[in-house]
Amino acid sequence: MAMNERYEPQTIEPRWQSRWEEAGAFHAGRRPGAEKRYVLEMFPYPSGAMHMGHARVYTIGDALARHLRMRGHDVLHPIGFDALGLPAENAAIKDGRHPAERTAENIVAFRGEMKKLGYAFDWDREVVTADPSYYRWNQWFFLKMLEQGIVYRREGKANWCTGCATVIANEQVIDDDRCERCGSPVVEKVIPEWAFRITAFAQDLLDGLDRLTEWPERITTMQRNWIGKSIGAEVDFVLAGGRGEAAPPEPPLAPLADAVRIKVFTTRVDTIFGCTYVVLAPEHPLVGELTRPEQQADVRAFVERMRKTDAVERTGEGAAKEGVFTGAYAVNPYTGEEVPVWIANFVLAGYGTGAVMSVPAHDQRDFEFARKYGLPVRVVIQPAKGERLPAGDALAQAYVEDGVLEASGDATGLSSAAAREKLAAEAQARGFGQPTVRWHLRDWGFSRQRYWGTPIPIIYCPDHGPVPVPEDQLPVTLPAEALITGTGEPPLAKVPSFVNTTCPRCGKPARREVDTMDTFVDSSWYYARYLSPRDDTRPFDPAAAKRWLPVDVYVGGPEHAVMHLLYFRFWHRVMHRLGLVHEDEPVRRLVTQGIVNGPDGRKMSKRWGNVVAPGPMVARFGADTVRMFMLFAAPPEKDIDWSDEQVDGLFRFLSRVWRIFHARQECFRAPEAALAEARGDFLELRRKTHRTVKRVTEGLEGDLKFNTSIAALMELVNALYALEPRADPERAAVREALLAVATLLAPFAPHAAEELWHEVLGPPARERLLAEEPWPAFDPALVVADVVTIAVQVNGKLRGEVQAPIAAAEAEVRALAEGEQRVRAHLDGKTVRKVVFVPKRLINFVVA
RNA sequence: GGCCCUCUGGCGAAACGGUAGACGCGCUCGACUCAAAAUCGAGUGGGGUGAUCCCCCGUCCCGGUUCGAGUCCGGGGAGGGCCACCA
């Protein structure tokens with residue numbers, strides 16, 4: 006049967022998709038003896054239709070997975086759906102439908118589109134987080150972590166999103182006070198909530214980053230910053246004269262030691278001899294107590310005003326520094342000096358100790374505050390080199406660098422670094438402080454006052470308080486009949502059949518927890534669930550985990566740098582502690598892919614009318630063209646713009662590939678034995694073929710340069726167009742090239758590749774699948790040319806080129822180069838001082 | 001303010017410290033066609049002489065290292081990302 010003259014992806018693609026499926030080609034575990042590879046892309050959140058960003062991640066991961074399979078590995082390449090969460094619930098509220106129904110529909114649509122794109126997923130392992138068979142294990146983990154003390158209940162200030170009507174995590178607050186999901190204002194609200202003690206893992210999470218050598222550095226840097234370890238010291242300033250005559254504090258204070266101590270945290274204890282005042286946050290518990298009667302009115306008014314001002318306005322960049330004197334004085338333990346105690350808007354109650362020592366000469370913020378309120382400025386650090394600083398009164402701005410201490414008692418003359426160590430140790434020795442580590446990372450509050458999440462398996466008993474639901478009663482399932490309004494109290498609170506239950510301890514009537522878990526819980530361990538997705542006795546099989554974990558390559562967007570990618574590292578450590586996994590990092594190599602922008606270069610958005618959906622593009626050009634576009638446009642980590650012209654170009658390329666196969670059909674049966682007799686242009690073609698195998702392979706490994714791999718294929722195809730084979734050896738060389746093209750194309754344009762490969766091989770290949778064939782090897786003898794072009798430079802400037810045998814020695818090349826008229830013109834009348842010879846590449850005459 | 005990234009033709013991009021611009025898009029010309037599309041082929045960084053030969057300039061800017069720098073080092077500029085009165 007003659008091959009179709011036209012490239013028609015619409016007829017080819019469904020055919021191969023069903024062949025792959027029937028053969029179970031992409032099931033993991035089919036090659037038990039082979040080395041495993043776990044390739045994973047971040048699973049989609051099916052709140053709407055599939056978009057180009059999805060098409061890009063899965064295309065990148067798929068190219069890798071397909072290549073690794075052809076390299077003989079046992080490949081696990083699973084997929085699932087991150088189905089629970091606020092956006093799905095919000096969308097459901099908007100169109101008045103149940104989130105379960107809507108999500109199910111979206112998943113069907115997603116699955117359909119992914120299948121049309123021909124991704125080599127192991128669909129048997131699909132996981133949907135909204136399924137009780139999945140989220141029961143969220144609940145199971147919750148119970149285990151409760152036992153371990155990693156989960157705890159707290160009452161505290163939470164970030165309350167006014168739009169989503171729920172608490173959200175610190176990581177989900179953007180632009181200071183906006184919800185990452187819906188953009189609504191976020192306010193502080195005091196609410197009881199459940200939290201993960203992720204801070205207990207802070208050091209470990211930080212140390213682990215050093216071992217993640219195959220992660221993009223910018224991601225590990227972001228995590229490092231987010232974890233935010235700062236090493237400093239805590240120092241107690243004792244209130245001068247003991248208690249101030251404060252108004253009766255409410256509630257009554259616990260008995261205090263003789264002296265009231267104001268604990269401050271600083272990373273610059275080396276500057277402490279320059280401390281001229283101390284500042285507390287307005288919310289600091291000691292404020293009421295230490296304020297002097299004559300300052301009482303001012304301080305109260307200030308605190309009251311701060312309470313009413315929202316966080317951004319108060320502490321945002323533009324906010325003016327404001328403060329008020331309390332009338333109290335505290336003693337600097339290093340100097341014995343009494344310094345005034347102030348309160349100010351810019352001091353945060355939630356960071357450090359909520360109190361700072363102010364060193365206006367060496368901290369810009371303190372400097373501005375001191376100038377505004379006429380507080381003294383005292384220089385105690387001098388630059389190690391360069392001009393000395395003037396006295397404090399004449400200082401134009403704070404000197405914040407490290408330097409050499411002066412006027413600092415015993416520490417005078419020490420460097421800042423040495424002084425920090427000495428002074429912190431001294432504080433400890435003398436009992437008024439100690440070296441201290443502070444973290445930016447906070448515990449992960451995960452209670453959400455919403456419906457579409459995992460119910461938290463806790464029962465509140467009037468006698469026993471919060472009681473965990475026994476393991477054998479899991480899952481606590483979401484009641485289908487909840488009324489979801491998106492406002493007011495948690496929807497689950499309004500479902501009596503859910504709320505009302507009995508205490509597992511005493512059997513008395515009790516109420517269930519009505520909050521649900523943050524969606525990030527679902528995505529924190531899904532990669533492990535893929536290992537045994539139908540297991541109903543445990544979250545996953547540890548033996549399978551031993552075989553498959555860690556994930557070898559994880560592909561996803563860099564926007565998850567400090568949320569998902571930190572949470573799942575934390576979770577993996579918990580699983581490690583529970584003995585479920587054998588390593589403490591979940592992912593060996595992370596690939597972060599760039600955004601697909603609209604054709605106008607702007608982010609795709611309805612607002613700009615520049616949204617291009619993958620579905621219609623696949624229908625029009627075929628999956629292979631869309632995939633090729635994603636990979637050819639730029640390396641994975643770069644942002645790309647959708648371009649209709651470029652897409653046309655890739656379709657044109659695949660058609661061009663098709664046509665050359667069609668035009669060279671007579672070569673399909675060429676005898677392989679004739680290959681060795683290929684000469685001239687056809688020997689060159691063979692070299693090009695083998696070089697192409699090498700280049701494409703390199704692009705799929707190492708730095709993942711799919712774009713140059715595809716470029717190499719294009720060059721080979723261009724070379725084929727330039728040749729007309731007439732004899733068997735020539736036809737054999739062409740056949741070799743055609744087979745290479747088909748095979749090398751398999752990770753990128755798998756459908757066309759299968760079709761072409763089968764055309765070349767004919768009936769003998771009927772039962773085989775290219776997707777499972779071995780990746781081609783190249784002949785090292787054929788990737789090197791026997792004659793090379795050598796650039797000739799004079800003083801580093803290109804002045805000609807010569808052809809020389811690859812092994813040519815310097816003398817030979819030099820003679821050839823000097824024989825070139827143009828080169829001679831530049832050498833005439835000059836003295837050659839030196840000749841630099843780089844074998845196979847260039848020769849450079851240095852003349853004067 | 002801190003940390004990080006990027007900067008190369010008209011555009012997307014290539015380039016172990018070694019011929020800058022591979023490959024693709026776009027554009028120009030030619031072949032095919034009554035014509036167009038499609039396809040195939042040729043050309044395509046700027047400038048200058050000038051006719052296929054050569055010269056000069058050219059990878060954000062300034063300096064340095066080197067026989068040789070898009071690449072390495074120092075300084076600056078522009079754009080972007082993340083964090084942020086974090087003590």
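All residue numbers in the first sequence are consecutive under this note's numbering, ending with 853.
Every residue gets a Cβ at the ideal spot worked out from N, C-alpha and C, and that includes glycine.
Taking 7 Å as the threshold (C-beta atoms), are V472 and P509 in contact? With respect to the 7 Å criterion, P509 and V472 are classified as neighbours on the basis of their beta carbons.
By DSSP, does L210 sit in helix, in strand, or in coil? helix
Under 8 Å Cβ to Cβ from L428, same chain only, skipping five residues before and after it: list those, please. A238, V274, D275, I277, Y339 and A416
Rounded to the nearest angstrom, how far is the Cβ of A39 from that of H78, given a contact under 8 Å? The Cβ separation is near 6 Å, so the contact holds.
Could you tell me if G685 is buried or exposed, where buried requires 16 or more neighbouring beta carbons within 10 angstroms of its beta carbon? exposed
Take H59 and list the residues in its own chain whose beta-carbon comes closer than 6 Å to its own, dropping the five residues that flank it on each side. Scanning its chain for C-beta atoms nearer than 6 Å, with the 5 sequence neighbours on each side dropped, one finds around H59 the residues P49, in chain order.
Express the C-alpha separation of D468 and P37 in angstroms, rounding to a whole number. 55 Å
Can you check which of these residues, M522, L483 and R516, is closest to R453 by C-alpha distance? M522
R310 in three-state terms, based on DSSP: Three-state DSSP puts R310 in a helix.
Are the region 577 to 590 and the region 15 to 31 in contact at 8 Å, needing three or more beta carbon pairs? At 8 Å Cβ cutoff, the stretches do not touch.
Taking the alpha carbon of L244 as the reference point, which residue from N337, L214 and G561 has its own alpha carbon closest? Nearest option by C-alpha distance: N337.
Let me make sure I understand the geometry here. Which of A349, R376 and E342 has the alpha-carbon closest to that of R329? Correcting the residue identity first, residue 329 is Val in this sequence and not Arg. Taking only the C-alpha atoms, the option nearest V329 is A349.
Give a yes or no on contact between the region 497 to 504 and the region 534 to 551, applying the rule of three or more CB pairs nearer than 8 Å. no
Considering only C-alpha positions, which residue in the set V346, R76 and F575 is nearest to I155? F575
Using only the alpha-carbon positions, how far apart do R297 and V284 sit? 15 Å
Check this for me: beta carbons of V385 and S420, under 7 Å apart or not? no
Proximity to I645 [Cα-Cα], best of N712, G707 and H587: N712
Among A424, A401, P641 and L394, nearest to A375 - alpha-carbon criterion: A401
Ignore the nearest five residues each way along the sequence and tell me which others in R61's own chain have a CB closer than 7 Å to its CB. Q598, V601 and M635
What are the partner residues of W347, as DSSP defines its beta bridges? V284 and F330
Tell me, please, which residues DSSP counts as bridged to K268. Beta-bridge pairing links K268 to D241.
Considering Cα atoms alone, identify which of F270, C280 and L479 is closest to A286. F270
Determine which residues share a DSSP beta bridge with T441 and list them. G237
Quick check on E13: does DSSP put it in helix, strand or coil? coil
Would you say the region 140 to 151 touches the region 555 to 568, given that touching needs at least three Cβ pairs under 8 Å? no
State the DSSP-derived secondary structure class of L774, mapped to helix, strand or coil. coil
So, with DSSP's three-state summary, where would you put N111? helix
Return the Cβ separation of P388 and E406 in integer angstroms, given the expectation that the two are a contact with Cβ distance under 8 Å. 7 Å
With DSSP as the reference, identify every bridge partner of E46, one or two as the case may be. V560
So, for R370: in the same chain, excluding its five sequence neighbours on each side, which residues have a beta-carbon less than 6 Å away from its beta-carbon? Nothing meets the Cβ criterion.
Sorted by chain position, which residues of the same chain lie with C-beta nearer than 7 Å to V592's C-beta, five sequence neighbours on each side aside? P555, V556 and Y559
Is A813 helix, strand or coil by DSSP? coil
So, for V789: in the same chain, excluding its five sequence neighbours on each side, which residues have a beta-carbon less than 7 Å away from its beta-carbon? I811
Selected residue, minimal CA-CA separation from P190, among T204, Y282, W199 and I173: I173
So, with DSSP's three-state summary, where would you put F658? helix
Could you say which of E729, E772, E342 and G801 lies nearest to E27 if we only look at CA atoms? E772
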